[in-house]
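Inspection log for the structure reproduced underneath, given as structure tokens.
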Ligand SMILES: *[C@@H]1O[C@H](CO)[C@@H](O)[C@H](O)[C@H]1NC(C)=O
Ligand SMILES: CC(=O)N[C@H]1CO[C@H](CO)[C@@H](O)[C@@H]1O
């Protein structure tokens, strides 16, 4: 990590602690210090989100990272077809999510959102029917503001109930709710308004909070949505990806089944990183129990990219029933500008007393990396069988005390470690 990112990460942690102390009094403007406040807070906790979704992190595709505003119903349908023909839907990638730019700038005379006639002429109900006929689910997008981030369509601020009902009537299964063009009200007020609207809409709709980490949604999001963004938007570079992994990791303890940290959607297949860097990207997202929302053009996905996102062993880590987000447990490296060594061990428990361990080399040169049992939560003296998740191979060596690998620059080793005695 360079100096800027280290100090901003530190700052974010300080802010997190401050918010831990103060935020409980702020949720929905309720003062929890008063007895009445406690009651209201408790009601919110019990009532707000009970949609039963996301026992494991969401998996699917979104139009944004590759297409941005250049979307239409043909692309969405062809992507649904591609999810099936590539075998990705069978692996669990079921959400087909339309991002920004799908609606007309003006609502109809009843105030209802209108799909853009030039790009979605058949309407969203027909598209949902098509996507459902493939065994997939349809996602849509809005903003907790007056307009969405593209400024080409309305947001849902003030229209939460109507829009949630509209989405439900179309057969929508997932809502990504962005944070642009709002009135300055806190996200802890604007986001629960949509939660309540969705809960009333009569259809279980996955609720993806996208407030870019404002006011640390990890601290309040589990009562409000099924996942929450911990960072601003990712872009298709190593630096952008790795810094989001860093920010997201700070909140690891707050993720759990039904409620996940979201470091933003995947860039695998968009061309800005090397194959090894995309493997790191996918590995960290998998062990971080991040939503696995693909962001490339699936109609043209390359063999390499398909192989990465189809790694069923990495996906199984993401879906592990314990639902515990992995953390950084050790860092070794130089400080300063000319960093030669920067290696990280990430680890997190899996069901069956297993541990997922990531040996990550962020340095510019190849490096040997050793993960000690003590660091990764394996009892000392345990004899371990190691499964290499990217080689799809159980290693013939049994390991005692540590596991060591030589790892290329901007590459990783991902192991599932299982005690055998
Ligand atoms: C790893 O453990 C082995 C014993 O299994 C020991 O010989 C070796 O020194 C350890 N390596 C490191 C780098 O700690
Ligand atoms: C860049 C590229 O090859 N794009 C193609 C991806 O697939 C669609 C549909 O199959 C084509 O229309 C694009 O030209």
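Numbering (mature numbering (1 follows the signal peptide of the UniProt record, and there is no 0)), first residue to last: -32 to -1, 1 to 389.
Every residue gets a Cβ at the ideal spot worked out from N, C-alpha and C, and that includes glycine.
Check	Outcome
Does ligand 4 have a heavy atom nearer than 8 Å to the CB of residue 369?	This structure simply doesn't include ligand 4; it includes ligand 1 and ligand 2 instead.
When every heavy atom of ligand 1 is checked, does at least one fall within less than 8 Å of the C-beta of residue 372?	yes
Give the range of the beta strand (DSSP E) segment to which residue 339 is assigned.	335 to 340
Please report the straight-line C-alpha distance between residue 141 and residue 96, rounded to a whole angstrom.	9 Å
Less than 9 Å between the beta carbons of residue 29 and residue 274, yes or no?	no
Count Cβ pairs between the segment 46 to 59 and the segment 75 to 84 that sit closer than 8 Å; are there 3 or more?	no
Kindly confirm or deny that the segment 300 to 320 and the segment 188 to 200 touch, where touching means at least three C-beta pairs closer than 8 Å.	no
Within its chain, find whatever has a CB closer than 7 Å to the CB of residue 317; leave out the 5 residues flanking it on each side and keep chain order.	290, 292, 323, 345
Residue 31: buried (16+ other C-beta within 10 angstroms of its C-beta) or exposed?	buried
Can you list, in chain order, the residues of its chain with a C-beta nearer than 8 Å to that of residue 185? Leave out the 5 residues immediately preceding and following it.	155, 159, 177, 179, 192, 193, 196, 197, 198
In three-state DSSP terms, what is residue 267?	helix
Within 10 angstroms of its Cβ, does residue 218 collect 16 or more other Cβ (buried), or is it exposed?	buried
Would you tell me roughly how many angstroms separate the C-alpha atoms of residue 402 and residue 103, rounded to the nearest one?	Absent from the structure is residue 402, since the part of the chain shown begins at -32 and ends at 389.
Is any heavy atom in ligand 1 found nearer than 8 Å to the beta carbon of residue 353?	no
Report the start-end ranges of each alpha helix (DSSP H) in the segment 36 to 92 that is 4 residues or longer and not cut off at the edges.	41 to 53
Excluding the five sequence neighbours on either side, which residues of its own chain have a C-beta within less than 8 Å of the C-beta of residue 365, listed in chain order?	354
Using a Cβ-Cβ cutoff of less than 8 Å, which residues in the same chain neighbour residue 204 once the five nearest sequence positions on both sides are dropped?	33, 235, 238, 239, 240, 241
Indicate whether residue 319 and residue 356 have their beta-carbon atoms separated by less than 9 Å.	no
Expressed to the nearest angstrom, what Euclidean distance is found between the alpha-carbon atoms of residue 339 and residue 348?	12 Å
Can you tell me which of 63, 388, 188, 251 puts its alpha carbon nearest to the alpha carbon of residue 284?	251
Taking 8 Å as the cut-off, is the CB of residue 300 close to at least one heavy atom of ligand 1?	no
Quick check: residue 19 and residue 183, are their CB atoms within less than 9 Å of each other?	no
Comparing the CB of residue 129 with every heavy atom of ligand 1, is any distance shorter than 8 Å?	no
To the nearest angstrom, how far is it from the Cα of residue 149 to the Cα of residue 121?	11 Å
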